[in-house]
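Per the working numbering, the sequence shown runs over residues 218 to 447.
Remarks on the structure that follows.
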Amino acid sequence: MRLDRFLSNLPRFSRKDVRFALVARRIKVDGLVVSDPLFEVREFSRVECDDEVLQDGKPARYFMLHKPPGCVSATLDPQHPTVLDLLDEPDKQDLHIAGRLDFNTTGLMLITNDGLWSRRLTEPKTRQSKIYYVETEQEIGPDYVKKFAKGFYFAFENLTTQPAELEVLGPHSGRLSIVEGRYHQVKRMFGHFNNKVLRLHRERMGPLYLDPLLAPGQYRSLTTEEILAV
Ligand code: URA
Numbered sequence: 218m219r220l221d222r223f224l225s226n227l228p229r230f231s232r233k234d235v236r237f238a239l240v241a242r243r244i245k246v247d248g249l250v251v252s253d254p255l256f257e258v259r260e261f262s263r264v265e266c267d268d269e270v271l272q273d274g275k276p277a278r279y280f281m282l283h284k285p286p287g288c289v290s291a292t293l294d295p296q297h298p299t300v301l302d303l304l305d306e307p308d309k310q311d312l313h314i315a316g317r318l319d320f321n322t323t324g325l326m327l328i329t330n331d332g333l334w335s336r337r338l339t340e341p342k343t344r345q346s347k348i349y350y351v352e353t354e355q356e357i358g359p360d361y362v363k364k365f366a367k368g369f370y371f372a373f374e375n376l377t378t379q380p381a382e383l384e385v386l387g388p389h390s391g392r393l394s395i396v397e398g399r400y401h402q403v404k405r406m407f408g409h410f411n412n413k414v415l416r417l418h419r420e421r422m423g424p425l426y427l428d429p430l431l432a433p434g435q436y437r438s439l440t441t442e443e444i445l446a447v
């Protein structure tokens with residue numbers, strides 16, 4: 218929300234008070250004086266007026282989980298364990314998953330309460346690559362690489378997928394880089410060749426790699442460098 222709107226929503230400030238307070242440099246956001254009325258205030262920002270705290274700012278939280286097979290990428294599920302069940306954290310209802318994985322897909326899962334941050338990672342327009350290790354039932358044919366680069370028409374969404382890079386590692390395995398995260402995207406791409414995906418493991422999202430020290434089911438907080446890299 219804009220800083221001027223944030224301030225004028227508080228009962229103590231009229232619009233005129235807000236203008237004066239900003240010009241008089243009485244308002245601080247995260248410890249720095251801000252006089253720009255358009256400055257974006259987030260739920261994580263600490264806002265002060267003359268050293269009086271107007272909003273404390275809740276902590277932004279970022280976790281990396283090694284998703285095991287057999288759990289659901291949802292916050293609640295009536296039947297199966299969810300990825301959030303694996304987190305021993307308070308206020309889990311504030312957290313969301315940045316880029317879901319299917320029930321049996323394993324690997325890097327990012328969980329946060331910062332919606333702007335997760336959108337930067339997941340929205341197709343930001344073109345952040347997601348890297349998957351894939352094993353398939355049938356052999357990966359010679360025509361696959363070109364087709365992945367050209368794109369697949371997905372009738373349900375009425376779109377053609379963005380160019381994807383497939384590196385063939387063996388007759389039944391590959392490493393795939395895609396910039397979108399459409400529903401069952403990787404399985405549907407291989408499904409075009411009637412080739413079933415038997416194993417799918419996400420290794421990377423944008424600049425963030427799955428920490429090799431995390432066993433399936435384990436998680437850790439992201440470092441400041443990792444958070445800022447996105
Ligand atoms: N594509 C899929 O088909 N499944 C996943 O879990 C992730 C990407």
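The beta carbon of each residue, even a glycine, is placed where N, CA and C say it ideally should be.
CB contact flag (residue i, residue j, <7 angstroms)
| i | j | result |
| --- | --- | --- |
| M406 | F373 | no |
| S335 | A315 | yes |
| T339 | Y279 | no |
| Q435 | H283 | yes |
| S225 | V235 | yes |
| M422 | K347 | yes |
| R419 | M281 | no |
| L220 | V258 | yes |
| L301 | T292 | yes |
| L427 | G324 | yes |
| R243 | C266 | yes |
| L383 | F365 | yes |
| F261 | A277 | yes |
| P285 | P380 | no |
| C288 | P298 | yes |
| R337 | V447 | yes |
Inter-residue CB distance, residue i and residue j (contact presumed, cutoff 8 angstroms)
| i | j | result |
| --- | --- | --- |
| L425 | L327 | 7 angstroms |
| V396 | Q355 | About 26 angstroms; that fails the 8 angstroms criterion. |
| F223 | V264 | 7 angstroms |
| T377 | R399 | Rounded, the Cβ-Cβ distance is 11 angstroms, inconsistent with contact. |
**Study point:** Inter-stretch contact at 8 angstroms, needing at least 3 Cβ pairs: the stretch 427-444 / the stretch 361-368
**Key:** no
Point to revise | Any alpha helix (DSSP H) of 4 or more consecutive residues that is wholly inside the stretch 358-395 | key: 361-367
**Study point:** Beta carbon nearer than 5 angstroms to a non-hydrogen atom of ligand 1
**Key:** L318, D319, T322, H401, Q402, V403 and K404
Review point. Can at least three beta-carbon pairs, one atom from the stretch 395-412 and one from the stretch 240-249, be found at a separation below 8 angstroms?
Key: no
Point to revise | Three-pair Cβ contact test at 8 angstroms for the stretch 341-361 versus the stretch 390-399 | key: yes
Review point. Considering only residues of the stretch 230-291, which uninterrupted alpha helix (DSSP H) runs meet the minimum length of 4 residues and lie entirely inside it, listed in chain order?
Key: 232-240
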